[in-house]
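The next block holds one structure in the form of structure tokens; read it before the comments.
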Amino acid sequence: MISKEQEQSIRELLEKMTVEEKVGQMHQLAPSIVGGFDVSFEELIEMVTDGRISNEEFGKIMSTAERDFHEEDIRAGRVGSYLLNDPKKANELQRIAVEESRLGIPLLYGFDVIHGFRTTFPIPLAETCTWNEKLFEASAEIAAREASAYGIKWTFAPMVDIARDARWGRISESAGEDPYLGSLFARAKVRGFQGKNPADRERIGATLKHFVAYGAVEGGQDYNTVSMSKSMLHNGFLPPVKAAVEEGAMTVMAAFNDYNGVPCTVNPYLLRTVLKESYGFQGFVVSDANAIRECVSHGIAEDLADASRQAVKAGMDMDMGSNVYHDHLVSQMEQGEVSMEVLDEAVRRILTVKMALGLFEHPYVEEERMEQYDSGLKEEHLEAARDTAKRSIVLLKNEGVLPLKKEQKIALVGALADDGENCLGAWFANGRGSECVTVKAGLERAGAKVSYGECCGVESELDREALESVCKEADVVVAVVGEPNAMSGEASSRADITLPGHQRELLEAALETGKPVVAVLMNGRPLALFWEQEHVPAILESWQLGVAHGDAVAAVLFGEYNPSGKLCATFPAMTGQCPRYYNHPNTGRPGGRSKFTSRYLDAPVEPLYPFGYGLSYTEFSYENMRIKEDARCFSVTVQVKNTGACPGEETAQLYLRDVTASIVRPVKELKAFEKVLLAPGEAKDVTFVIDKKEMGFYNEDMNYCLEDGKFIFYAGGNSRDCLEQERMVAFS
Ligand code: NOJ
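Residue numbers 2 to 733, in my numbering, belong to the letters of the sequence shown in order.
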């Protein structure tokens, strides 16, 4: 990560540092709110959570809050990193660290830059539906350019958690359920944020989070416990982490949850054995917010001193915001509970990242850089956001209603249709709702004939009269329904993932008008849409697409862009099917029609929309599957044909099943995909190459096994509808 000379200067620094200064490097804080408003900070948080005040009002109140920036601690070398999004303040505090502290070690500023910074891109779950690594990388690069202009040199992204349970609110921040696609996403994000040289002015350090298996919290309930075999962990959840470490990710954030009884924050198996030893990770590990302190609540540490001791010994290098290292590590050292070697290793890792980010040479941000973004969005960045947004949309159902024609009179209903804030999704950094193009604005900009009436809020009653009046003259009803931002993301799990509030009634009433109805969904997770699939003739999943939301939806509704998105997470038919994911281990009684198979009595066997699914305004056929084998790999070729009437882009997918192995294997696993653009009537051969080394799995002893035997290759446009062929494979 750094040069020999830089390594030497770190060694020299370590020799000069006092224990207090070393612990300082391991301490990350954020400004503390010390008052300045009429109610307590806790009350304020409750007010925004229960809706008594809006996000915007909360933001205004916060901007007037009195804050303590802990200047004295910085001057004394007791702070290593800061969670901050304010370039002026960042420079001010940096000046104290660099010019007034004894050793002049710069602060590292980190922030959550998850899907854009000023220019908000689609939420990660949406963006992954593009199945397009170039776009994953490009949006991260733009985010890095903008965030670095605000003094942020480190992002807490990408989130690489495999998410199989749609109840879990943080599925919106993830790349969905598949380890292969998730690994490509993770690698691309690291490249996009860090570039070839993360020290470049417009690049920032990436964080792989959350390490690990946070997406498998029991019942999809946030912060819950995780019990899982090692083979499942290594095959199903760790691949994106491993891939992104190989790509050079500089930091890793431990997850809140425990793994098999030991919180990830203090888990030596995860932090040392897997990450630092087996993967050879050279950067540093940061805890999640307050997580070291929470080890006492977990019941794994008897007090905070014990928590500090366990965490540092397990390989936790930096404490995010819990003050536990700051308050206890020095005394733990004095009592001989923690060795200097352990402390030095953590500090060396942190200083290595700071050096690699160029902070010692360029600790300050040029404040003028921020001004160019603060005054408005860059056209070039907006264009990239528009392009990604339209490619993220997934057409779930279409009974001849779409695309719409510009002459058609559209009745647009639903509160989300005219709501910029809720285009942003969870974690929107410096994105602004007022800059987002809503569906209403997007349709109007596209020249549509629109009459709009809210008719039903996400949680308010349906106004039937308003609906009738908006729909009276219309040729088609477009109902925008779904979830507001706050229903997904952190601490936003739902026990019922059907459309919230009265929105189904809105759809029912719209259908009663007898006009064709299009449901445009805006949401941060797969929803359970069993009823909607049965009754609504066209369903378009638009997720939360960020600043270009409405432009992208309008382009797809009018067929100016033929939808090409494919789901990166399964849509269950009903909430009770969760967790539902395509690559589940096989059972002795696979779900079928018979009662004594793995299924529910009151739900279909199949999910509603499988992984990899997504319609187009044209159709594609798959034929003539051929497999070739050489010493190193299998090449699978299939002919994909556009059998419809308009040009379209298809994502052809290749899955594999290891039929018999020494442990139970998934029923299918994605191994490759290719995008093809086809004119009407055009056919192309698509070839997928699978390296034989990729056909194995980890067993319980963490050994990677390639076992001879029968495999099935599947090729198709989603994980359910595939051509298939068997092969006997011998690896030796
Ligand atoms: C808690 C979240 O779990 C994590 O993803 C985020 O990066 C930190 N807070 C910092 O905001």
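Quick reminder that beta carbons are idealized off the backbone N, C-alpha and C, glycines included. Being a predicted model, the structure only gives us computed values, none of them experimental.
Query                                                                                                                                                     : Result
Alpha carbon to alpha carbon, how far is S622 from C647?                                                                                                  : 14 Å
Could you pull out every unbroken alpha helix (DSSP H) segment of at least 4 residues lying fully inside the segment 531-610, listed in chain order?      : 531-536 and 550-558
Using the rule of at least 16 other Cβ atoms within 10 Å of the residue's Cβ for burial, across every protein chain shown, is D702 buried or exposed?     : exposed
Going along the chain, which unbroken runs of the beta strand (DSSP E) with 3 or more residues stay wholly within the segment 43-102?                     : 67-69 and 82-84
Quick check on the DSSP output: the alpha helix (DSSP H) that includes V354 runs from which residue to which?                                             : M341 to A357
Quick one, what's near ligand 1 if you take every residue whose CB is closer than 7 Å to any heavy atom, in chain order?                                  : L84, D113, F157, M160, K210, H211, M254, F257, D289, A290, M321 and E491
Please state whether DSSP places F621 in a helix, a strand or coil.                                                                                       : strand
Could you check which residue in P199, F257, Q195 and S184 has the C-alpha nearest to that of E219?                                                       : F257
Figure out for me which residue from C472, Y699 and Q534 has the closest Cα to the Cα of V665.                                                            : Y699
Is the Cβ-Cβ distance between G525 and L568 less than 8 Å?                                                                                                : no
Just the C-alpha distance for P88 and W155, rounded to the nearest angstrom, thanks.                                                                      : 13 Å
How far does the beta strand (DSSP E) with R658 in it extend, from its first residue to its last?                                                         : G649 to D659
Under 8 Å between the Cβ atoms of V339 and R294?                                                                                                          : no
Rounded to whole angstroms, what is the Cα-Cα separation between F122 and F429?                                                                           : 9 Å
Starting from the Cα of H205, find the closest Cα among A214, I75 and R192 and give me that residue.                                                      : Note that residue 205 is Ile in the sequence shown, not His. Of A214, I75 and R192, the residue nearest in Cα terms is R192.
Measure the C-alpha to C-alpha separation of L94 and I75 and round it to an integer number of angstroms.                                                  : 8 Å
Shortest alpha-carbon distance to D113 belongs to which of A148, S140, R79 and T129?                                                                      : A148
So what does K685 bridge to, in DSSP terms?                                                                                                               : V641
Just list the residues that DSSP pairs D39 with in beta bridges.                                                                                          : Answer is none; D39 lacks a bridge partner.
Please determine, among A357, K314, R349 and S323, the residue with the shortest C-alpha to C-alpha distance to G337.                                     : K314
Mapping the DSSP letters down to three states, classify N423 as helix, strand or coil.                                                                    : helix
Less than 8 Å separating the beta-carbons of Q734 and V477?                                                                                               : Since the first residue shown for the chain is 2 and the last is 733, residue 734 is missing from the structure and cannot be characterised.
Would you call the CB atoms of T576 and R168 closer than 8 Å?                                                                                             : yes
For E708, name the three-state secondary structure that DSSP assigns.                                                                                     : coil
Quick check on the DSSP output: what are the complete beta strand (DSSP E) runs of length 3 or more inside the segment 384-460, in order along the chain? : 395-399, 410-414 and 450-454
Rounded to the nearest angstrom, what separates E16 and E342 at their Cα positions?                                                                       : 12 Å
Can you check which of these residues, W532, S452 and A549, is closest to E128 by C-alpha distance?                                                       : A549
Within its chain, find whatever has a CB closer than 7 Å to the CB of G593; leave out the 5 residues flanking it on each side and keep chain order.       : V606
Can you tell me the Cα-Cα spacing of S323 and S309, whole angstroms?                                                                                      : 10 Å
Is the beta carbon of G316 sitting closer than 8 Å to the one on M2?                                                                                      : no
Just to confirm, is the Cβ distance from D419 to Y374 under 8 Å?                                                                                          : no
Whole-angstrom Cβ separation of S720 and P564, contact assumed at under 8 Å?                                                                              : Not quite, the Cβ-Cβ distance comes to about 18 Å (not below 8 Å), so this is no contact.
Assuming N486 and G448 are in contact, meaning their beta carbons sit under 8 Å apart, how far apart are those beta carbons, in whole angstroms?          : That pair is no contact at about 29 Å.
Would T644 and K676 be called neighbours here (beta carbons separated by less than 8 Å)?                                                                  : no
State yes or no: is the C-beta of M251 within less than 8 Å of the C-beta of D289?                                                                        : no
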